[in-house]
Structure formats: structure tokens, C-alpha cells
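Undergrad: I am attaching a structure below and will ask some questions about it afterwards.
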Ligand code: DCB
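In this note's numbering, the protein residues as written are 6 to 488.
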């Protein structure tokens, strides 16, 4: 030992070795939880080049995600479990935390901020991007709560400015006839962006535009003078169409970067949807231009834009029957699947009416063996359940269902039929008893794009003990914009 310490050659060797060790440690410490295994790990810091959002390698990138509904009303769906679940099962790469300012939001309940922080941390841990949305709405002029916005974004950018995951949306939807781009929104944005840029020199900032974030064209004559700025274009497929899409193309032509940070499958009131054809038109348009988006909304509110139904638990792991028609559509759009269920009934609401069924005699009961969830539909003798479901926007229609047949004999049967608007046709007539079985039927072409399409299940049974159970009824199709 003595001789080693004295030998200058060995001493310098040891010194270099320990320096090397320290450096390796240092660099290991520098790498964030984002590594190459996560979406943000691979794409890193975003930058806006021309009108296009790009990753750290300057390659165009399109983010796709869900927006929360109001955090103080539907915060139960915003947590680490749901965010990881949506990432893994839906392929979600972006989450938007809609923090309302009014309507019981941040201004009266500043604690709502904690939900934002929970979501941002969850997104960082999950390696996806996250939008911190200052959700003005009934307060149409962003200047009303400008000082609170500056204070809020100062804190958020201090906390999260160093993470490439974070995107700021500084005013959801300015609205009102006096709330113009140059008169109100841009002056507000100049102040709030200056606050953010002190702590966060380069993460993307989305700025709302006039008329509920539809007025992107007003930016042309008076753009903001910061880098990595994008302008919000919000649309609702049932209300907004080609005119707004043409406006986007006009803006892209003028190098105005557009982010669809909120859109819905419904009307602009968040309800009275879903509009499958119009949604597919919009989605094709956004895909062709690699425009990033977040769908409204991850909630179980009784309105058609809400993605979830009340059977959805607060921790993800949702089956297709926990999703609304909008949720089903958005899930499979996000997954990049063209063929997808557009109706899925698991009878978990315990009400035939919530699935829009017409019923004679059938019941909904608990079944321990149910293939999914706890409830199934039961048909005794001479019962019928039927449902009208427009297939507009879908072709190559298939019906999938799970059934079990018990104590049938002789001519007893379970009949499955479909309706093309004029006549009923039989898909199957089953007489053989069976435990839970899943079957899928391709329905003839006349079922495609058909507003009068119906399905019907009928039981014809001779013994009181005979019983047909039905669950997980799915209509599957390929999205289409053909007529
Ligand atoms: C936006 C808002 C969003 C709103 C949806 C759907 O508003 F950013 O907060 O969400 O679009 O309307 C709805 C919820 C309802 C809730 C209501 C009020 O879905 O459950 O009751 O907010 O908090 C828009 C978008 C576009 C237009 C109008 C509104 N437009 N708006 O084009 O006229 O008035 O809310």
C-alpha cells in the first residue's frame, strides 16, 4: 500500500481513474427519467420550424392526446394511472390539463393548481408531452385575469421550464366581439410570454385566437415576436368544416404555426354529436399536415363529446364498453386503426335506455361469469331487444357479440337479424346450448353508410328454465368519408 501511494505513476493513474468515475456519475445524474424508451426521450425538445412542430432532430412531429374536462369537476380521471394507461393502450403522446379560470376554477379555487401539477408530473414520468392550459371561457377577455395568469405561469415555468415535456397554452378561447387579436390577445400574450421566457427559454407556447380560437388568420398582420410560438385553432366537427380547414391552409401558407389544442366530435356546445364523417374528414386533414391535437374531453359528463361513460373507473384500464361513442372513435383514431368498434354495449349501466335499445321482456342482471364487467342482458321466451344505429361514416360493418345459451331444446332458438332500412335479414339462428361464446359476423354491403341500420336479437324458448345471456355487443366498421 505504502509503495503504491508513493509511486507517482500509480498515483496519477488512480487520480485519472477517480476523475473518470466522477464524470460517469455526473452524466448518469444528468440524464432525466426520459430515455430512449419514452416518447419524449426519443423526441426531446420541441421546436417550431416554419409552420411545423418538430422534434429535437428537426423532424416533423404530430402529437395526439386527450384534454381533460374542467379539472375541478372531472379531476378524478387525471392521475398517473390514467395517463399511463392512455399512453400504453391508446398510444397517447400528449395530455392537456384544462384548468378553468372561472366556473368554479382557479380564480375562486387556486387549489386546482395541484391537479395541474399532479398531471404534469405524471406526464413527465410517463415520458409524454403535456399542455398546461389556462382555460378562459366565460371570461372571454384574457386581460380580465392577466395578473393571475402571469403569477401562475411564472410558477409553472419555474417548476417545469427545464422539462422538454411541457407546453404552455396561455388563453384557451378568447371570445366576445371586442376581444380582438391586436387589441386584446396579443398585448396579453406579450406580457405572459415574457414572464414564461425568463424561466423557460424555449418550450412551445400556444396562444389562443379570437372567436373561441378560430381567428388564426388575424395573426398574419401582427404575429408575436418570440420563437417556438404556435396559434390555437379549436374545432368541433359537427359545427366547423371546410371553411375553417381552408383558413388553416391559408395560415400554413403564411408560415403561421397551428396547434389544434382542443377539438370535439360533437357540436361546438360539446353535445349533440357524434359526427363520424365530419370527424374523419378533419382527422385526415390534420394527419396530412401533421397538425397536433388534443380531444375534448376525458370525462364522463352526460354530453356527447365526453369520452367516458359513468361505468369508467378513476384509474384507467377501461374496456370499450366504458367508452362513449366519441371515446371509441378517438381511441381508435389515436391507435391509428381504421377498423374499429363504433358501438359497444356491456349493459353495465343496468339500463337499456342508455344504450338506446328497444326492449320487449328482456332484463339486465348480474352474472359472475360475464365476459366483461358485471352485468349482462337476459332473454327468456319471446323477448326481443333491438337497436337503431346509423352506420354513416362506416363501411364493412361487422357485428360481434358474446352469448351463452342454457336449457334450450327442440326448436328453441336465438335469432340474430339486421335491417337495411327496408327488410330484416337473418345473420344467425342458434339452437345449441353453450357457455359464453364470442362470435363475429360480417354484415352484407347494404349495411355500410346506412342511416336506417338496425340489429335485433330474439328468443324463442319452450321451457321456463331456458335462458339466453348476451354481453359485449359491438358494431365494428372502417371509417370512411364516402357516401
Ligand atoms: C369550448 C371550450 C370548452 C367547452 C367546449 C365545448 O367552448 F373550450 O370549455 O366545453 O368548447 O363547448 C364545454 C363543456 C360543457 C361545459 C361548458 C362550459 O363541454 O360541459 O358546460 O364548456 O364550461 C366553445 C367552443 C366553440 C364555441 C363556443 C364555445 N363556438 N363555448 O364556436 O361557438 O361557448 O363554450
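Cβ atoms here follow ideal geometry from the backbone N, Cα and C, with glycine treated the same way.
#1: Roughly how many angstroms separate the alpha carbons of residue 219 and residue 174, rounded to a whole number?
#2: Are residue 267 and residue 178 close, meaning C-beta to C-beta below 9 Å?
#3: In the DSSP assignment, find the unbroken beta strand (DSSP E) run with residue 346 in it and report its ends.
#4: Can you give me the Cβ contacts of residue 461 inside the same chain, cut-off strictly under 6 Å, excluding the 5 residues immediately before and after it?
#5: On a Cα-Cα basis, can you pick out the residue from 427, 382, 348, 121 that is closest to residue 482?
#6: Assuming residue 214 is part of the beta strand (DSSP E), what are its boundary residues?
#7: Between the Cα of residue 328 and the Cα atoms of 425, 443, 354, which residue gives the shortest distance?
#8: Beta-carbon separation of residue 3 and residue 286 under 9 Å?
#9: Excluding the 5 residues preceding and the 5 following residue 465 in the sequence, name in chain order all residues of the same chain whose CB lies nearer than 6 Å to its CB.
#10: For the 8 Å Cβ check, are there 3 or more pairs between the segment 296 to 309 and the segment 69 to 79?
#11: According to DSSP, is residue 206 helix, strand or coil?
#12: According to DSSP, residue 265 sits in a beta bridge with which residue or residues?
#13: Please find out if some non-hydrogen atom of the ligand DCB comes closer than 8 Å to the beta-carbon of residue 103.
#14: Is it buried or exposed for residue 508, if we count other Cβ within 10 angstroms and need 16 for buried?
#15: Could you pull out every residue in the same chain whose Cβ sits closer than 8 Å to the Cβ of residue 29, ignoring the five residues on either side in sequence?
#16: Have a look at 44, 79, 182, 57 and flag the residue whose alpha-carbon is nearest the alpha-carbon of residue 320.
#17: The beta strand (DSSP E) that contains residue 227, what's its start and end?
#18: Measuring only from the beta carbon, is residue 208 closer than 8 Å to any heavy atom that is part of the ligand DCB?
#19: For residue 252, tell me which candidate among 470, 223, 271, 276 has the shortest Cα-Cα distance.
#20: Give me the Cβ distance between residue 176 and residue 141, rounded to the nearest whole Å; I'm assuming they're in contact under 8 Å.
#21: Considering only residues of the same chain and omitting the five flanking positions on each side of residue 92, which have a CB-CB separation below 6 Å?
#22: Would you kindly work out how many angstroms separate the C-alpha atoms of residue 280 and residue 97, rounded to a whole number?
#23: Look at residue 53 and residue 234 and say whether their C-beta atoms are less than 9 Å apart.
#24: Between which two residues does the beta strand (DSSP E) carrying residue 464 extend?
#25: Can you grab the Cα-Cα spacing for the pair residue 265 / residue 487, in whole Å?
#26: Are the CB atoms of residue 372 and residue 474 within a distance shorter than 9 Å?
#27: On the DSSP bridge assignment, give the partners of residue 140 in chain order.
#28: Tell me which residue opens and which closes the beta strand (DSSP E) that residue 399 is part of.
#29: Run the proximity test for residue 142: is its beta-carbon closer than 8 Å to any non-hydrogen atom belonging to the ligand DCB?
#30: To test your reading of the DSSP string, which unbroken beta strand (DSSP E) runs of 3 or more residues are found completely within the segment 351 to 391?
#31: Kindly examine the ligand DCB and report whether one of its heavy atoms sits closer than 8 Å to the Cβ of residue 267.
#32: With C-beta atoms as the reference, is residue 477 less than 9 Å away from residue 367?
#33: Which whole-angstrom value describes the C-beta separation of residue 83 and residue 119, a residue pair presumed to lie in contact below a C-beta threshold of 8 Å?
#34: On the three-state DSSP scale, how would you describe residue 65?
#35: Please name the residue in 484, 187, 438, 480 whose C-alpha comes closest to that of residue 472.
#36: Per DSSP, what kind of secondary structure is residue 425 in: helix, strand or coil?
TA: With the given structure in hand:
#1: Walking along the chain shown from the start, residue 219 turns up at place 214. Walking along the chain shown from the start, residue 174 turns up at place 169. If you take the alpha carbons of residue 219 and residue 174, they lie about 15 Å apart.
#2: Stepping through the chain shown from its first residue, residue 267 is reached at position 262. Stepping through the chain shown from its first residue, residue 178 is reached at position 173. Yes; because the gap between Cβ atoms is below 9 Å, this pair is in contact.
#3: Residue mapping note: residue 346 aligns to position 341 of the chain shown, counting from 1. 344 to 350 is the span of the beta strand (DSSP E), which, as asked, contains residue 346.
#4: Your numbering for residue 461 matches position 456 in the chain shown. By the criterion of a C-beta distance shorter than 6 Å, residue 461 is surrounded in its chain by 391, 422, once the five residues flanking it on both sides are discounted.
#5: Along the chain shown, read from residue 1 onward, the residue named residue 482 stands at position 477. Minimum Cα distance to residue 482 is reached at 348.
#6: For the purposes of this step, residue 214 is taken as residue 209 along the chain shown, with counting starting at 1. In this chain, residue 214 is not harboured by any beta strand (DSSP E), its DSSP state being neither H nor E.
#7: Counting from one through the chain shown, the residue named residue 328 turns up at place 323. Of 425, 443, 354, the residue nearest in Cα terms is 354.
#8: The structure shown does not extend to residue 3, since the chain spans only 6 to 488, so no value can be given for it.
#9: Stepping through the chain shown from its first residue, residue 465 is reached at position 460. Leaving aside the five residues that flank residue 465 on each side, the residues in its chain whose CB is nearer than 6 Å to its CB run, in chain order, 418.
#10: Enough Cβ pairs lie closer than 8 Å, so yes.
#11: Here residue 206 refers to the residue found at position 201 of the chain shown. If DSSP states are grouped into helix, strand and coil, residue 206 belongs with coil.
#12: Your numbering for residue 265 matches position 260 in the chain shown. DSSP lists 298 as partners of residue 265.
#13: Position 98 of the chain shown, counting from 1, holds the residue named residue 103. Yes, Cβ of residue 103 sits closer than 8 Å to a heavy atom of the ligand DCB.
#14: Summary: the structure shown does not reach residue 508, with the chain confined to residues 6 through 488, and so no result is reported for it.
#15: Translated into positions along the chain shown, residue 29 becomes position 24. Any reading at residue 29 must be qualified, since the residue scores a pLDDT of 48, below 50, and its modelled position is unreliable; the value itself is stated next. For residue 29, same chain residues with a beta-carbon under 8 Å away, outside a window of 5 residues either side, do not exist.
#16: Stepping through the chain shown from its first residue, residue 320 is reached at position 315. When only C-alpha atoms are compared, the closest one is 79.
#17: As a first step, residue 227 is located in the chain shown; it is residue number 222 there, counting from the start. For residue 227, no beta strand (DSSP E) encloses it, and the DSSP letter there is neither H nor E.
#18: Start at 1 with the first residue of the chain shown, and residue 208 comes out as number 203. Residue 208 Cβ: outside cutoff for every heavy atom of the ligand DCB.
#19: As a first step, residue 252 is located in the chain shown; it is residue number 247 there, counting from the start. Closest option to residue 252, judged by alpha-carbon separation, among 470, 223, 271, 276: 223.
#20: Position 171 of the chain shown, counting from 1, holds the residue named residue 176. Position 136 of the chain shown, counting from 1, holds the residue named residue 141. Your pair residue 176 and residue 141 checks out as a contact, with CB atoms roughly 5 Å apart and the cut at 8 Å.
#21: If you number the chain shown from 1, residue 92 lands on position 87. Excluding positions up to five away in sequence, the list reads 131, 133.
#22: On the chain shown, position 275 is the one that residue 280 refers to. On the chain shown, position 92 is the one that residue 97 refers to. Separation of residue 280 and residue 97 (C-alpha to C-alpha, rounded to the nearest whole angstrom) is 22 Å.
#23: Translated into positions along the chain shown, residue 53 becomes position 48. Translated into positions along the chain shown, residue 234 becomes position 229. Cβ atoms of residue 53 and residue 234: closer than 9 Å.
#24: Translated into positions along the chain shown, residue 464 becomes position 459. Note, residue 464: beta strand (DSSP E), 459 to 465.
#25: What you label residue 265 is simply residue 260 of the chain shown in a count that begins at 1. What you label residue 487 is simply residue 482 of the chain shown in a count that begins at 1. Going from the Cα of residue 265 to the Cα of residue 487 covers about 25 Å.
#26: Numbered from 1 along the chain shown, position 469 holds the residue referred to as residue 474. Numbered from 1 along the chain shown, position 367 holds the residue referred to as residue 372. Note that the C-beta distance between residue 474 and residue 372 is below 9 Å.
#27: Looking up residue 140 in the chain shown gives position 135. The partner list for residue 140 (beta bridge, DSSP) reads 105.
#28: By 1-based counting over the chain shown, the position of residue 399 is 394. Looking at the DSSP string, the run of the beta strand (DSSP E) that includes residue 399 is 399 to 411.
#29: As a working mapping, residue 142 is identified with position 137 in the chain shown. Yes, since a heavy atom of the ligand DCB falls inside the 8 Å radius drawn around the Cβ of residue 142.
#30: Listed in chain order, they are 362 to 365, 368 to 371, 380 to 384.
#31: What you label residue 267 is simply residue 262 of the chain shown in a count that begins at 1. Result yes, Cβ under 8 Å from the ligand DCB.
#32: As a first step, residue 477 must be located in the chain shown, where it is residue number 472. As a first step, residue 367 must be located in the chain shown, where it is residue number 362. No, these two residues do not count as a Cβ contact at 9 Å.
#33: Position 78 of the chain shown holds residue 83. Position 114 of the chain shown holds residue 119. About 11 Å separates the two Cβ atoms, so there is no contact after all.
#34: Position 60 of the chain shown, counting from 1, holds the residue named residue 65. The answer is strand: DSSP assigns residue 65 an E or B state.
#35: Mapped onto the chain shown, residue 472 falls at position 467. Residue 438 is the option with its Cα nearest to residue 472.
#36: For the purposes of this step, residue 425 is taken as the residue at position 420 of the chain shown. Coil.
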